[in-house]
Ligand code: PBG
């Protein structure tokens with residue numbers, strides 16, 4: 001067997017030109033999806049304190065933000081809504097004139113080529129903050145399906161290119177697919193949050209989306225962090241029910257799950273680099289403890305290397321600017 005001194009791996013690390021040539025994993029802006037939060041009002045652009053550089057945008061401001069995002073070559077945006085009011089059944093989620101529905105219409109009418117994905121879930125719209133409707137203090141799976149389907153349908157009707165159910169109810173992908181097809185939206189794609197874990201990394205998002213559960217937690221519907229076989233089973237079910245793209249979430253603490261999913265399935269795979277993963281880098285960088293740009297790129301590359309085709313990330317704009 002040949003080895004040192006014949007073989008010298010350092011030959012291919014000598015300069016940037018050579019390193020670039022042999023690089024195994026690449027990142028480009030079109031793989032990234034920027035999450036955005038839309039709120040009522042006009043001229044609103046309010047920074048989210050737990051997520052520096054992210055804002056609550058009113059519809060008008062959101063449109064100009066999307067113009068910038070499109071000009072950076074970013075693949076898509078995913079929209080989350082902060083409704084003016086919340087109630088027991090999350091009716092703001094499926095209101096034809098709800099905040100996300102208005103936002104989709106505004107963005108698509110001006111930026112027809114920008115891919116707009118909508119998050120489909122009730123937690124931002126329910127007074128109790130759970131992702132479905134309650135029966136007693138239990139989240140009622142089957143009663144929730146109908147409302148999720150209505151929500152997805154109203155997003156598709158407003159012009160969304162893709163809907164992304166993030167609630168983790170059983171059977172929701174099938175219910176949404178059926179509803180979309182019945183109403184003539186057979187070309188609206190579903191990006192399913194298939195393996196979504198009950199994670200503490202969502203902390204900053206719950207402030208951003210004002211969606212913290214008012215009692216209990218999400219462990220009876222989101223996945224238990226120690227499980228990876230179960231993630232494959234969840235993904236399999238979503239593919240069978242008609243998911244076009246599947247997702248693992250969070251990303252960083254679940255790179256093994258991304259890798260296993262990549263090895264097992266042939267559909268496009270997304271990973272969500274969630275709020276906590278973003279905010280801890282920002283916080284450490286502000287302290288001067290980390291080089292933010294380098295850490296950001298290393299994290300995004302790790303998610304790609306694990307096997308994700310698409311990355312939902314609050315770093316999308318910063319990364320796209322660097323990738324130029
Ligand atoms: C809604 C939803 C959540 C996130 C995306 N969609 C929050 C949750 O499940 O509690 C988290 C995103 C992030 O942390 O960046 N169900």
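In this note's numbering, the protein residues as written are 1 to 324.
Don't be surprised by glycine CBs; every beta carbon is placed ideally from N, CA and C.
In this text, all values refer to a predicted model and were calculated from it rather than measured experimentally.
C-alpha gap between residue 305 and residue 25, whole angstroms: 6 Å
Residue 159 versus 166, 308, 105, residue with shortest Cα-Cα distance: 105
Proximity below 8 Å, CB of residue 180 to CB of residue 145: no
Minimum C-alpha distance to residue 283 - residue among 218, 258, 204, 212: Selected option, being the one with the closest Cα: 204.
Contact under 8 Å by Cβ, residue 275 with residue 208: A Cβ-Cβ contact shorter than 8 Å links residue 275 with residue 208.
Inter-residue spacing [alpha-carbon to alpha-carbon] between residue 111 and residue 182: 27 Å
Residue 177, buried or exposed, once every other Cβ within 10 Å from all chains shown has been counted against 16: buried
Residue closest to residue 238, alpha-carbon to alpha-carbon, out of 173, 120, 58: The shortest C-alpha separation from residue 238 is found at 173.
Contact check, residue 12 vs residue 22, beta carbons under 8 Å: yes
Limits of the alpha helix (DSSP H) - the one that residue 47 falls within: Where residue 47 is concerned, there is no enclosing alpha helix (DSSP H), although the beta strand (DSSP E) it sits in stretches over 45-47.
Any 3 or more C-beta pairs closer than 8 Å across the region 56-67 and the region 306-313: no
Rounded Cβ spacing between residue 298 and residue 322 (contact assumed at less than 8 Å): Actually they are not in contact, since the Cβ atoms of residue 298 and residue 322 sit about 12 Å apart, beyond 8 Å.
For residue 341, the three-state DSSP class (helix, strand or coil): What is shown of the chain runs 1 to 324, which leaves residue 341 out entirely.
Nearest-angstrom Cα separation, counted from residue 80 out to residue 250: Approximately 17 Å between the Cα atoms of the pair.
Segment limits, alpha helix (DSSP H) that includes residue 278: 275-286
Pair within 8 Å by beta-carbon distance, residue 254 and residue 246: Between residue 254 and residue 246, the C-beta spacing is not below 8 Å.
Assigned secondary structure, residue 59 (DSSP; H/G/I helix, E/B strand, else coil): Reduced to three states, the DSSP call for residue 59 is helix.
Residue 256, enclosing alpha helix (DSSP H) - first and last residue: Counting along the chain, the alpha helix (DSSP H) containing residue 256 begins and ends at 255-264.
Boundaries of the alpha helix (DSSP H) in which residue 238 is found, first to last residue: 229-241
Residue 275 CB to nearest heavy atom of ligand 1 below 7 Å: yes
Any non-hydrogen atom of ligand 1 within 7 Å of residue 205 CB: Checking every heavy atom of ligand 1 against the Cβ of residue 205, one is found closer than 7 Å.
Identity of the residue in 264, 242, 49 nearest residue 278 by Cα: 49
In chain order, each beta strand (DSSP E) run of at least 3 residues that lies wholly inside the region 169-220: Every beta strand (DSSP E) stretch that sits fully inside the region 169-220 and reaches 3 residues is listed by chain position as 189-196.
Any non-hydrogen atom of ligand 1 within 7 Å of residue 315 CB: no
Distance between beta carbons of residue 140 and residue 132, contact taken as under 8 Å: 6 Å
Exposed unless 16 or more other CB atoms sit within 10 angstroms - verdict on residue 273: buried
Distance, residue 190 Cα to residue 260 Cα: 21 Å
Burial state of residue 142, where buried means 16 or more other Cβ atoms lie within 10 Å: By the neighbour-count rule (16 or more Cβ atoms within 10 Å), residue 142 is not buried but exposed.
Check: residue 10 C-beta below 7 Å from any heavy atom of ligand 1: No, the beta carbon of residue 10 sits no closer than 7 Å to any heavy atom of ligand 1.
Cut-off 8 Å between Cβ atoms - residues of its own chain near residue 30, not counting five sequence neighbours on either side: 73, 74, 75
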